[in-house]
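*Asks:* Residue numbers (this note's numbering), protein chains in the order written: chain A, 1387 to 1727; chain B, 207 to 399. Ideal Cβ placement from N, Cα and C applies to all residues, glycine included.
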Amino acid sequence: METVKYRRLPGWHTGLFTRDSLWSADDHILLVQSSGYVERYRRYYFKDIQGITVIPTPRSYRLALAIGTPLLLVAVVAVTSIAKMIQPEWAIFGGIFGMPLLLGFVVNWVRGKSCRTTVYTAVADINLTPLSRLRPTLRAVTRIAELVDICQGPLDRTRLNLVAEGPAANILHRKTHVDRSAKRGALAYGRSPDVAGELKAKQSTLWLASLGVAELLQGLAALALLLIGGGAVRQATFFILLILSLLAASMGLARGGRPLKYGGIVALSHTLVVGLGTYVAFYAAVISNAMKHPASTPDFTFTNALEPTLPVTKIVLTMSVAGSLLLFIYCVVVLIRGRTR
Amino acid sequence: MGHLEPDHCHRCRERLAFEAFNQPNLIVCGNCGSAGAYFLFPAYYSATIEGQSALVRLEEQASCYFHPSNAATVACEGCGRFLCSVCDIEIGRSHICTYCLQAKKTQSTSAKLENERVLHDSVTFTLAAAVPFLFWPAAPFTAPYALYRAIRYYNAPTSIMGRSKWRLIVSMLLCVFQIIGTAVLIYFVVKAI
C-alpha cells in the first residue's frame, strides 16, 4: 500500500468522545477525528487553499468563568469548614469536587487564549477544530503557510488588487496577542455597520446596563449591613438586595448573549476581580471573627457572623460598597461613551 | 453570520491592506480595532482571474471526454480519457477521473484516498485489558476473542499516521495470561467439587 509521511502540527481538540488532531504531508493537511477506535480523515490540499483566518474568541474566558465560579464556591465551603464554622466533612467534599475543577481551571489557563481557525477553499470554508488555542495555532498556521507558499508561490500585490474592490483599511500594528488598548477601542457600541452588529451592540448595552444595576444593588446590600440597625432586618435587606443583584446580572447575561464581547468583558473582569475579591475578604473577616471569639459566642453561626462587630468587618464592608459603586459608575460611563461615539 | 472573505476584517468586513497578510502574529484592523491573523494565497485570485478562461475550449484544442465544450488539460492516468480542470482529480502527482477514483477507492490501494480506518489494535487492547479490569468475570470470554483479533489483525493497517504494534503484542500477552488463569481456576473449582 502507498504510504504517506505525516508530521504532527501543534494543537488538539477534545470533544466528549472524540479527539481531533492536525497533520501535514507534502501536498496536503490531514484533519484526523478520532473516537479512539475509528479515525476519520479529511484532506485539504495546499493547491486548493485560498486563505486562512485566525480569529480570537471568548471561549477560554467563558470556560474560566464556568469552572472558576463553582471552584470559588467550593473553596469558600472548604475554608469555612477548616475554620470549623461548619462540619469538617465539608472540607473532604471540597477536596473531592475542587481538585478536578482546579485541574480544569489550570489546564484552561495554561493552554491560553482561544481562537477559531478557518481554511478557505473555492467550495467550502472549513473550521479546523484542533487549532482552537492562539499560541499553537499561530505556530501551526505559519508552518502551513510556508508549505502553501512552496506549492503556490508568493502572494502578488498587483494580481490581488485586480480582484479586490474598494480601498483597503490600514492595520494599526502587529501584536503577538490581543492588544488591550485596541480592544478598548473596539468597545464601539453601535459602530458596526451591519444589522447583526447593531443587534450585538444592543445586546451589549443591555448586558452593561444590567451589570450596572447589579453592582448598585450589591453596593446597597453591603451598605445595609453597615447602617441598618436590628439583626433580622439588616440580614433580610442584605440577602434580598443580593438576590436581586444576582437576578439582574443573570438577566443581563441571558439577554446579552455574548457579554464577553464589545467591552462587556472589561466590566465582567473588573467585577470578578474587585467584586469577588471583596467577597473573599469579607468572608475572611467573618472567619477571623469566628476564630477570635469562639468562647464568647458559643451559639456563633454563619448567619450572625454577618454582624459587623469587628472593625475589620466594617472596613471590608466599606471597601465592598466603594468597589460596587465604582463599578456602577464605570458601567454608566462606558454606556454613555458608547452612545456618543 | 454570513460568508466571510479571507481578505476582509472578520468584524467590520473592511478589506485589509496587503501588509496585513501572512504575518506570524495577530494584526489589528485600523477600522474597527479587532484582532486577527489573515493568510492569503495566490489560489484566491487565481480562481477568479484564471478560473473561467482556463475552461473555455478554443477551435483547435482537444476537448474533455465528459464536457465537450471544455478544453482538455490532462489525460487520466487510469483510463487515458482527456479531462478538463473540472473533472481532473489530482492525487499526489497523478491525475485521474471520477470513475478511476471510485475503482481505486474500492480496491483501497492508496492511503491518500482513505477517509476512515478502524483501529483494530485499540479495539483489541480494550477487550484484553480494560474490559477484564472493569468486570473480571468477563475475562474467560473476552480473552480468547481478543487473542483471535490480535492474530487476525496483526498485519492489518493501523492509524494512517503510523503506529507501533505494542498494543497488539501486550494484548496477546494479557490474553495468554488470562486464558491460563481461567484454566487454572476451572481446574481448582472442578477439583474442589
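Quick one: is A:Tyr1423 near chain B, going by C-beta distance under 7 Å?
*Replies:* If you number the first sequence from 1, residue 1423 of chain A lands on position 37. Closer than 7 Å to some Cβ of chain B, the Cβ of A:Tyr1423 qualifies, so yes.
*Asks:* Around the Cβ of A:Asp1542, are there at least 16 other Cβ atoms within 10 angstroms (buried) or fewer (exposed)?
*Replies:* Taking the first sequence and counting its residues from 1, one reaches residue 1542 of chain A at position 156. Classification for A:Asp1542: exposed.
*Asks:* Pair every Cβ in the segment 1506-1519 of chain A with every Cβ in the segment 1439-1454 of chain A, then say whether three or more of these pairs are closer than 8 Å.
*Replies:* With the cut-off at 8 Å, the segment 1506-1519 of chain A and the segment 1439-1454 of chain A touch.
*Asks:* Of all Cβ atoms in chain B, is any one closer than 7 Å to the Cβ of A:Ala1531?
*Replies:* One-based indexing of the first sequence puts residue 1531 of chain A at position 145. Yes, contact with chain B.
*Asks:* Any idea which residues DSSP pairs B:Ala241 with across the strands?
*Replies:* Reading the second sequence from its first residue, position 35 is the one you call residue 241 of chain B. Answer is B:Val234.
*Asks:* Excluding the 5 residues preceding and the 5 following B:Asp294 in the sequence, name in chain order all residues of the same chain whose CB lies nearer than 7 Å to its CB.
*Replies:* As a position in the second sequence, residue 294 of chain B is number 88, starting the count at 1. If we look at B:Asp294 and ignore the five residues flanking it on each side, its Cβ neighbours are Thr279, Val280 and His301.
*Asks:* Is A:Ser1578 helix, strand or coil when you go by DSSP?
*Replies:* Taking the first residue of the first sequence as 1, we reach residue 1578 of chain A at position 192. Here the model assigns A:Ser1578 a pLDDT of 34, short of 50, so the residue's position is not dependable, and the following value carries that caveat. A:Ser1578: coil per DSSP, three-state reduction.
*Asks:* Kindly list the residues whose CB is nearer than 8 Å to the CB of A:Val1527, restricted to its own chain and excluding five residues on each side of it in sequence; keep chain order.
*Replies:* Numbered from 1 along the first sequence, position 141 holds the residue referred to as residue 1527 of chain A. Closer than 8 Å at Cβ, skipping near neighbours: Ile1438, Val1440, Thr1503 and Leu1517.
*Asks:* Does the beta carbon of B:Ala356 come closer than 7 Å to any beta carbon on chain A?
*Replies:* Counting from one through the second sequence, the residue named residue 356 of chain B turns up at place 150. No, B:Ala356 lies away from the interface with chain A (no Cβ there is under 7 Å from its Cβ).
*Asks:* According to DSSP, is A:Ser1446 helix, strand or coil?
*Replies:* Translated into positions along the first sequence, residue 1446 of chain A becomes position 60. In the structure shown, A:Ser1446 sits in a helix (DSSP, three-state: H, G or I).
*Asks:* Touching or not, the segment 1387-1398 of chain A and the segment 349-367 of chain B, by the rule of three or more beta carbon pairs under 8 Å?
*Replies:* These segments touch.
*Asks:* Whose C-alpha, out of B:Leu379, B:Pro343, B:Phe341 and B:Asn361, is nearest the C-alpha of B:Glu352?
*Replies:* For this step, residue 352 of chain B is matched to residue 146 along the second sequence. Here the sequence assigns Ala to residue 352 of chain B, which means Glu is not the residue at that position. Comparing Cα-Cα distances from B:Ala352 to each of B:Leu379, B:Pro343, B:Phe341 and B:Asn361, the minimum goes to B:Leu379.
*Asks:* Taking its Cβ as the centre, do 16 or more other Cβ atoms sit within 10 Å of A:Val1505, making it buried, or is it exposed?
*Replies:* Taking the first residue of the first sequence as position 1, residue 1505 of chain A is located at position 119. So A:Val1505 ends up on the buried side.
*Asks:* Which first and last residues belong to the beta strand (DSSP E) in which B:Ile295 is found?
*Replies:* Position 89 of the second sequence, counting from 1, holds the residue named residue 295 of chain B. Ile295 to Ile297 is the span of the beta strand (DSSP E), which, as asked, contains B:Ile295.
*Asks:* Take B:Ala487 as the anchor and find which of B:Ala309, B:Cys285 and B:Phe383 has the nearest alpha-carbon.
*Replies:* Within the shown structure, residues of chain B are numbered from 207 to 399, placing residue 487 of chain B beyond reach of any answer.
*Asks:* Over the uninterrupted alpha helix (DSSP H) stretch that includes A:Gly1397, give me the two end residues.
*Replies:* To locate residue 1397 of chain A, count along the first sequence from 1; it is residue 11. Unbroken run through A:Gly1397 is the beta strand (DSSP E), Arg1393 to Thr1400; no alpha helix (DSSP H).
*Asks:* With the cut-off set at 7 Å, would you say A:Leu1630 and A:Leu1606 are in Cβ contact?
*Replies:* On the first sequence, residue 1630 of chain A is found 244 positions in, with the first residue counted as 1. On the first sequence, residue 1606 of chain A is found 220 positions in, with the first residue counted as 1. No, they are not a contact pair.
*Asks:* If I follow the unbroken beta strand (DSSP E) through A:Asp1511, where does it start and stop?
*Replies:* Position 125 of the first sequence, counted from the first residue, corresponds to residue 1511 of chain A. A:Asp1511 -> beta strand (DSSP E) spans Asp1511 to Asn1513.
*Asks:* With 7 Å set as the bound, which would you pick, yes or no: does the beta-carbon of A:Leu1713 sit closer than that to a beta-carbon of chain B?
*Replies:* By 1-based counting over the first sequence, the position of residue 1713 of chain A is 327. So no, A:Leu1713 is outside the interface.
*Asks:* Which residues, taken in chain order from the segment 1441-1456 of chain A, show a beta carbon closer than 9 Å to some beta carbon of chain B?
*Replies:* Hits within the stretch, in order: Ile1441 and Pro1442.
*Asks:* If distances are taken between C-alpha atoms only, which option among A:Leu1416, A:Val1707, A:Thr1704 and A:Pro1396 comes closest to A:Ile1512?
*Replies:* As a first step, residue 1512 of chain A is located in the first sequence; it is residue number 126 there, counting from the start. Considering only alpha carbons, the answer is A:Leu1416.
*Asks:* Where do the N-terminal and C-terminal ends of the alpha helix (DSSP H) with A:Ser1500 fall, by residue?
*Replies:* For the purposes of this step, residue 1500 of chain A is taken as the residue at position 114 of the first sequence. Premise fails: A:Ser1500 lies in the beta strand (DSSP E), Ser1500 to Tyr1506, not in any alpha helix (DSSP H).
*Asks:* Counting Cβ pairs, one atom from each stretch, are 3 or more of them under 8 Å apart for the segment 221-229 of chain B and the segment 244-254 of chain B?
*Replies:* Short answer: they touch.
*Asks:* Ordered along the chain, which non-local residues of its own chain (more than five positions away) have a Cβ less than 7 Å from that of B:Tyr354?
*Replies:* Here residue 354 of chain B is taken as the residue at index 148 of the second sequence, counted from 1. Closer than 7 Å at Cβ, skipping near neighbours: no residue.
*Asks:* Leaving out the 5 sequence neighbours to the left and right, which residues in its chain are closer than 6 Å to A:Arg1525 when beta-carbon positions are compared?
*Replies:* Translated into the one-based positions of the first sequence, residue 1525 of chain A becomes position 139. Closer than 6 Å at Cβ, skipping near neighbours: Pro1396.
*Asks:* Classify B:Cys285: buried if its beta carbon has 16 or more other beta carbons within 10 angstroms, exposed otherwise.
*Replies:* Along the second sequence, read from residue 1 onward, the residue named residue 285 of chain B stands at position 79. Exposed, since its Cβ has fewer than 16 Cβ neighbours within 10 Å.
*Asks:* If you measure from the beta carbon of A:Arg1543 to each beta carbon in chain B, is any gap under 7 Å?
*Replies:* Taking the first sequence and counting its residues from 1, the one referred to as residue 1543 of chain A is at position 157. Interface residue, yes.
*Asks:* At a Cβ threshold of 7 Å, is B:Glu322 touching chain A?
*Replies:* The residue given as residue 322 of chain B occupies position 116 in the second sequence. With 7 Å as the cut-off, B:Glu322 counts as an interface residue toward chain A.
*Asks:* By the 8 Å beta-carbon criterion, what residues does the segment 1392-1406 of chain A contribute toward chain B?
*Replies:* The residues in question are Tyr1392 and Arg1394.
*Asks:* Could you have a look at B:His301 and say whether DSSP puts it in helix, strand or coil?
*Replies:* What you label residue 301 of chain B is simply residue 95 of the second sequence in a count that begins at 1. Three-state DSSP puts B:His301 in a strand.
*Asks:* Under 7 Å between the Cβ atoms of A:Asp1413 and A:Tyr1431?
*Replies:* In the first sequence, counting from the first residue as 1, residue 1413 of chain A sits at position 27. In the first sequence, counting from the first residue as 1, residue 1431 of chain A sits at position 45. Their beta carbons are under 7 Å apart, which means A:Asp1413 touches A:Tyr1431 by this criterion.
*Asks:* Count the CB pairs spanning the segment 1455-1462 of chain A and the segment 1478-1495 of chain A that are closer than 8 Å, and state whether there are at least three.
*Replies:* Yes: the two stretches touch, three or more of their Cβ pairs being nearer than 8 Å.
*Asks:* For A:Leu1716, which option in A:Gly1422, A:Ser1596 and A:Leu1613 has the closest C-alpha, if you only look at C-alpha atoms?
*Replies:* Here residue 1716 of chain A corresponds to residue number 330 of the first sequence, with the count starting at 1. Inspection of the sequence shows that residue 1716 of chain A is occupied by Tyr rather than by Leu. Closest option to A:Tyr1716, Cα to Cα, is A:Ser1596.
*Asks:* Give me the residue from A:Gln1538, A:Leu1602, A:Val1718 and A:Val1720 with the minimum Cα distance to B:Tyr251.
*Replies:* Residue numbering aside, residue 251 of chain B sits at position 45 when the second sequence is read from its first letter. Checked all of A:Gln1538, A:Leu1602, A:Val1718 and A:Val1720; the closest Cα to B:Tyr251 is A:Gln1538.
*Asks:* Examine chain A for any beta-carbon lying closer than 7 Å to the beta-carbon of B:Gly242, and answer yes or no.
*Replies:* Position 36 of the second sequence, counted from the first residue, corresponds to residue 242 of chain B. Answer yes: the Cβ-Cβ gap between B:Gly242 and chain A drops below 7 Å somewhere.
*Asks:* Just mark A:Tyr1447 as buried or exposed, buried being the case when its beta carbon has 16 or more other beta carbons within 10 Å.
*Replies:* By 1-based counting over the first sequence, the position of residue 1447 of chain A is 61. It counts as buried.
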